[in-house]
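Letter 35 of the sequence shown, counting from 1, is numbered 35 in UniProt numbering, and no numbers are missing.
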Amino acid sequence: MEPPVRLASTGTIIHGVSVGEVLGVSTLAEARLIAGQSGLDRIVQRLNVMEVPDILAWVKPHELLLTTGYPLRNTPQSLDRLVADLDERGLAALAIKLGRYVDELPDEMVAQADRLGFPLILLPNNVGFDDILNQVLTDILNRQAAVLVRAEEAHRALVQVVLAGGGLDEVTAEVSGLLDVAVAALDGAGRTLAAAGPPEHVTALRRLAGTAGRTGDLASVPVVAGGHHHGRIVAYSPTGVIRDSDIGILERAATVAALVITRQDAVNAVESKYRADFLRDVLTGRAGSGERVANRSRAFGWDLERPVTVLVAELDPEGDERTAQDRLVTSWTAAVRRHDQRGAVAGFSHEVVAVVDAAADTAKLARDAAAAFADAITSGTFSTGTSRTCPGAETLPEAYSQALKAARVGRQLHGPGAVAHFDQLGVYRLLSLVNDTAELHAFVRETLGPLASDDDNENADLRRTLQVLLETNLNVAETARRLHFHYNTLRYRIGKLERLLGNFTEDPHLRLNLTLALHVLRMRGI
Numbered sequence: 001m002e003p004p005v006r007l008a009s010t011g012t013i014i015h016g017v018s019v020g021e022v023l024g025v026s027t028l029a030e031a032r033l034i035a036g037q038s039g040l041d042r043i044v045q046r047l048n049v050m051e052v053p054d055i056l057a058w059v060k061p062h063e064l065l066l067t068t069g070y071p072l073r074n075t076p077q078s079l080d081r082l083v084a085d086l087d088e089r090g091l092a093a094l095a096i097k098l099g100r101y102v103d104e105l106p107d108e109m110v111a112q113a114d115r116l117g118f119p120l121i122l123l124p125n126n127v128g129f130d131d132i133l134n135q136v137l138t139d140i141l142n143r144q145a146a147v148l149v150r151a152e153e154a155h156r157a158l159v160q161v162v163l164a165g166g167g168l169d170e171v172t173a174e175v176s177g178l179l180d181v182a183v184a185a186l187d188g189a190g191r192t193l194a195a196a197g198p199p200e201h202v203t204a205l206r207r208l209a210g211t212a213g214r215t216g217d218l219a220s221v222p223v224v225a226g227g228h229h230h231g232r233i234v235a236y237s238p239t240g241v242i243r244d245s246d247i248g249i250l251e252r253a254a255t256v257a258a259l260v261i262t263r264q265d266a267v268n269a270v271e272s273k274y275r276a277d278f279l280r281d282v283l284t285g286r287a288g289s290g291e292r293v294a295n296r297s298r299a300f301g302w303d304l305e306r307p308v309t310v311l312v313a314e315l316d317p318e319g320d321e322r323t324a325q326d327r328l329v330t331s332w333t334a335a336v337r338r339h340d341q342r343g344a345v346a347g348f349s350h351e352v353v354a355v356v357d358a359a360a361d362t363a364k365l366a367r368d369a370a371a372a373f374a375d376a377i378t379s380g381t382f383s384t385g386t387s388r389t390c391p392g393a394e395t396l397p398e399a400y401s402q403a404l405k406a407a408r409v410g411r412q413l414h415g416p417g418a419v420a421h422f423d424q425l426g427v428y429r430l431l432s433l434v435n436d437t438a439e440l441h442a443f444v445r446e447t448l449g450p451l452a453s454d455d456d457n458e459n460a461d462l463r464r465t466l467q468v469l470l471e472t473n474l475n476v477a478e479t480a481r482r483l484h485f486h487y488n489t490l491r492y493r494i495g496k497l498e499r500l501l502g503n504f505t506e507d508p509h510l511r512l513n514l515t516l517a518l519h520v521l522r523m524r525g526i
């Protein structure tokens with residue numbers, strides 16, 4: 001049986017033996033427990049000899065206190081209070097020799113020790129304190145040395161796993177073998193990254209893994225690296241024999257797991273950069289021949305030779321951009337993996353680009369990514385654009401341009417968080433090609449005149465009337481119905497609009513200009 005572990009008053013971990021085990025050493029073969037049976041599992045880490053009455057100032061937690069009773073010979077009436085004071089200071093037990101200075105212990109003292117579960121041990125007169133000190137201390141040190149050797153061997157084995165290129169699967173398997181328990185590595189969200197042990201025990205571990213701290217059959221230690229919490233190492237034993245000394249090995253395993261995760265993060269970062277660089281080259285037409293694109297795509301697990309659709313998710317201008325970009329990549333990567341295992345996904349500076357099977361439900365994919373992003377980020381949104389179906393890698397640059405345009409025009413039309421398809425942009429595709437926004441503003445002012453501004457509430461109201469009239473192809477009755485106006489009221493408004501804008505009811509070219517101006521106004525950010 002491995003000795004328990006307790007935190008000593010000095011702050012260092014010291015391995016001790018229980019009071020029951022102390023009574024089993026040869027020098028105490030004739031010793032007798034006279035009270036405190038329920039405290040036999042108290043831990044002894046050191047020994048002390050009581051030579052003065054005011055011993056309380058010198059005792060430490062987890063001590064076995066030895067005495068001949070000499071300091072107590074004149075104060076037998078206070079012995080029951082002594083038991084309470086020693087117990088309050090965390091002593092393990094009191095061992096006393098009777099007959100020379102104290103003939104017997106008061107009944108009150110024995111009763112108090114039983115109530116507190118504080119062991120009182122009657123020592124045989126023929127055993128010297130030095131023999132007890134030597135044997136018990138030797139036993140404690142030997143036990144401590146054995147535990148430290150075991151922990152060091154476990155550490156070497158775990159480090160060897162990492163040096164051999166092993167991952168979390170190998171780490172959990174090694175710990176499971178060392179401790180003979182079920183072990184799992186969990187991420188920060190409680191998802192299982194790796195597990196080892198009998199399947200039924202692993203199943204029970206996953207069910208109980210949400211338990212905070214430590215119970216008799218479950219132990220958990222955090223995996224921390226670089227100040228970041230990466231998850232936990234959790235151990236489960238159906239027999240409930242996870243000992244304190246096992247926690248030290250779990251802590252070493254957590255350190256090794258942190259190394260594995262850090263190493264994998266570094267590898268993922270490099271791979272992610274290569275993937276992003278290659279996909280950027282493909283989308284800009286700089287990736288080389290079709291054969292080279294196909295070969296490298298297959299190496300990344302992508303299939304770009306089939307009909308595909310390109311999606312661009314672009315961060316809206318708000319929130320912590322660096323953190324949001326990391327979460328955006330993570331959310332889209334997970335969503336693409338669920339919808340298309342052979343789809344390509346990579347993060348650029350302000351956006352994420354995904355190339356997925358043309359048969360995939362891109363609307364649902366975008367919703368899934370948005371939901372995951374919202375769960376991870378308290379503020380911040382992104383707009384998504386979708387291209388037309390692309391028959392192969394050679395036309396991906398055009399599809400990428402379509403998706404990017406759809407994302408940006410969609411945001412201008414609908415605001416942050418918009419989702420737009422290139423085919424749904426209509427005339428806005430043409431308007432987005434005008435890079436000179438000042439010219440667009442001038443066109444709106446020249447065409448709409450005073451209705452171009454919102455300085456007067458009546459302007460916005462008249463502009464709404466104009467828009468509905470144009471949408472209904474000047475159908476006065478339908479416009480009146482939509483706007484809930486009386487027919488005569490609408491005729492009056494039409495007259496006012498024509499005085500401001502010109503005879504648009506008779507001039508189709510003017511109607512076209514007015515329609516375009518209203519579309520430009522609708523494009524936010526222009």
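Heads up, the beta-carbon is just placed ideally off N, CA and C, and yes, glycines get one too. These numbers come from a predicted model, not from an experiment.
- In the displayed model, residue 184 falls within a strand according to three-state DSSP.
- The beta-carbon separation of residue 92 and residue 44, rounded to 5 Å, stays under the 8 Å limit for a contact.
- Nearest in C-alpha terms to residue 344, of all of 362, 326, 310 and 328, is 310.
- According to the DSSP assignment, residue 242 belongs to no beta strand (DSSP E), since it is labelled neither H nor E.
- When rounded, the separation of the alpha-carbon atoms in residue 203 and residue 184 is 10 Å.
- Taking 9 Å as the cut-off, the Cβ atoms of residue 351 and residue 407 count as close.
- By alpha-carbon distance to residue 144, the top candidate from 122, 245, 68 and 111 is 245.
- With a 10 Å radius around the Cβ and a threshold of 16 neighbouring Cβ atoms, residue 489 comes out exposed.
- Judged by their CB atoms, residue 60 and residue 90 are nearer to each other than the 9 Å cut-off.
- In the structure shown, the three-state DSSP call for residue 192 is strand.
- With contacts defined by Cβ atoms closer than 9 Å, residue 174 and residue 157 form a contacting pair.
- The three-state reading of DSSP puts residue 362 in helix, counting H, G and I together.
- Three or more Cβ pairs drawn from the region 332-347 and the region 288-302 lie within less than 8 Å of each other, which places the two stretches in contact.
- Counting only the Cα atoms, residue 400 lies some 12 Å from residue 392.
- Restricting attention to 21, 384, 222 and 231, the CA atom closest to the CA of residue 365 is found in 384.
- Residue 52 is positioned such that its CB atom lies no closer than 9 Å to that of residue 129.
- Contact between the region 331-339 and the region 357-372 is present: 3 or more CB-CB pairs across the two stretches fall below 8 Å.
- Of all alpha-carbon atoms in 164, 150, 121 and 468, the one lying nearest the alpha-carbon of residue 485 is that of 468.
- Taking a C-beta distance under 9 Å as the contact criterion, residue 465 and residue 497 qualify as a contact pair.
- For residue 339, the secondary structure class from DSSP, reduced to helix, strand or coil, is helix.
- Cβ-Cβ separation between residue 380 and residue 324: approximately 4 Å, consistent with a contact (criterion under 8 Å).
- In this structure residue 249 touches residue 151 by the C-beta definition: roughly 6 Å separates them, less than 8 Å.
- Nearest in C-alpha terms to residue 328, of all of 219, 70 and 354, is 354.
- Rounded to whole angstroms, the separation of the alpha carbons of residue 177 and residue 359 is 47 Å.
- The beta carbon of residue 448 lies closer than 6 Å to those of 517 in the same chain, with the five residues before and after it left out.
- Contact annotation: residue 65 and residue 109 have beta-carbon atoms that are not nearer than 9 Å.
- In this structure, residue 225 places its C-beta atom within 9 Å of the C-beta atom of residue 259.
- A straight line joining the alpha-carbon of residue 262 with that of residue 332 spans about 22 Å.
- As a beta-bridge residue in DSSP terms, residue 220 pairs with 234.
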